[in-house]
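Trainee: Submitted below is the structure of interest, expressed as C-alpha cells.
If you want it as C-alpha cells, here you go:
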C-alpha cells in the first residue's frame, strides 16, 4: 500500500489522489492532523491501524474500503501502517491490530479491535453516520445526568446510546466519553472502552466519570483471573469460610457490574479478617466504590460502614 510519510504533525501538501478529501487514503504521523482531525470536522473518519504481516488486517481492510465507498462520501477511511508510524501508534496506545478508531469533530467517537464480521462492521459504520447526522441534542449537562441515571438503574445499553449521542454533539465533553467507556464496560465491550479511555489526554482524566471508568476497567482486567461467577458462588455456598474463594467471587461480581453484591462479600471478609491477603479485600472494596462514584448512595453508605468497621 502507498503511504505518505510522516508526532502528530500539522500536515503537509495534499496527495495526488484527492488530498485530504479522498474517501480512502493512506496517511502517517506527519499528516494525521490534516487527514483525520481536520477532515473529521466535515464527516466521520475511520482510522484503520494495520501492518503488512497482520492476517486479520488483510481481511478487514478491503471490507472497510468497500463499505466506505458504498457510503458515497458520508464517511472517510484513513489507513495507517503501524510499522511505518510507530510513534503515532504509541501516542494513540494501539496495543493490537487491526484497531479502528472513529473520529468526528476532531475527537475519537468509537473504536473496535479485531476483524469484525461484515454485518457488525456495517452496523458500526451506519451507527457512526447516524450519530453524525442527528445534530446537537439539547441541554448537555441534563442529558449527561439522564445517562448517568440509566447507568445507576442498570440500563447499560440505553446509557451507552445516550453517551454516544453526547460525544457526537459535544466532542470536547470528557464526561460523555468517560460515561460511554463506563457503559461499554458494563456491556462487556472492554476492548472498545479501553481504547476510548486511552484516547483521552492524560491532563483531562480527572473527570468523575473517567475515573469511574478507569476503576471499572481495572476491576474487569483483574477479574479475568477470578473465574466464573456461578462456579464461585457454588464454591462459597459450600465453603463459606473459604475467604480466598469469597475474594475471587467479589472480583468476578465487580467485573460483571454487580458491585453491591461484591461489596457484601468483601465486608464479610473484613469482618472476619481485616488484613486478609495483605489488605486485598479493603483495596478491592475501595476500587469498587471508586467505580460506583463518590456521590452514589451505595458508596456513601458503604464508606460509613467501612469506617465503623475499621475504627471500631
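In the numbering used here, the protein residues as written are 131 to 442. Using N, Cα and C, we set each Cβ at its ideal position, and we do this for glycine too.
#1: Under the rule that 16 or more other beta-carbon atoms within 10 Å means buried, what is residue 156, buried or exposed?
#2: Which residue marks the beginning of the alpha helix (DSSP H) containing residue 294, and which one marks its end?
#3: Closer than 8 Å is the cut-off here; do at least three beta carbon pairs connect the stretch 290 to 298 with the stretch 310 to 326?
#4: Applying the criterion that 16 or more other CB atoms from any shown protein chain within 10 Å of the CB defines a buried residue, is residue 209 buried or exposed?
#5: Between which two residues does the beta strand (DSSP E) containing residue 157 stretch?
#6: Counting beta carbon pairs with one atom in the stretch 416 to 423 and one in the stretch 340 to 347, are three or more of them shorter than 8 Å?
#7: Compare the beta carbon distance of residue 174 and residue 258 with 9 Å and say whether it is the shorter of the two.
#8: If you draw a straight line from the C-alpha of residue 187 to the C-alpha of residue 432, how long is it?
#9: Whole angstroms is fine: what's the gap from residue 437's alpha carbon to residue 331's?
#10: Using the Cβ count rule (16 or more neighbours within 10 Å means buried), how would you classify residue 373?
#11: Fully enclosed by the stretch 295 to 381, which alpha helix (DSSP H) runs are 4 residues long or longer?
#12: For residue 408, tell me which candidate among 377, 165, 274, 388 has the shortest Cα-Cα distance.
#13: For residue 426 and residue 278, what's the separation of their Cα atoms in angstroms?
Mentor: Inspection of the coordinates gives the following:
#1: Numbered from 1 along the chain shown, position 26 holds the residue referred to as residue 156. Under this definition residue 156 is a buried residue.
#2: For the purposes of this step, residue 294 is taken as the residue at position 164 of the chain shown. Where residue 294 is concerned, the enclosing alpha helix (DSSP H) stretches over 286 to 299.
#3: yes
#4: Here residue 209 refers to the residue found at position 79 of the chain shown. So residue 209 ends up on the buried side.
#5: Within the chain shown, the letter at position 27 stands for residue 157. Per DSSP, residue 157 belongs to the beta strand (DSSP E) from 154 to 157.
#6: yes
#7: In the chain shown, counting from the first residue as 1, residue 174 sits at position 44. In the chain shown, counting from the first residue as 1, residue 258 sits at position 128. Yes. Within cutoff.
#8: Walking along the chain shown from the start, residue 187 turns up at place 57. Walking along the chain shown from the start, residue 432 turns up at place 302. Computed Cα separation, rounded: 47 Å.
#9: By 1-based counting over the chain shown, the position of residue 437 is 307. By 1-based counting over the chain shown, the position of residue 331 is 201. Each residue's Cα considered, the two are about 34 Å apart.
#10: One-based indexing of the chain shown puts residue 373 at position 243. Buried is the call here.
#11: 304 to 316, 320 to 328, 338 to 353, 359 to 368
#12: Along the chain shown, read from residue 1 onward, the residue named residue 408 stands at position 278. Comparing Cα positions, the closest option is 377.
#13: Indexing the chain shown from 1 puts residue 426 at position 296. Indexing the chain shown from 1 puts residue 278 at position 148. Cα to Cα, residue 426 sits roughly 11 Å from residue 278.
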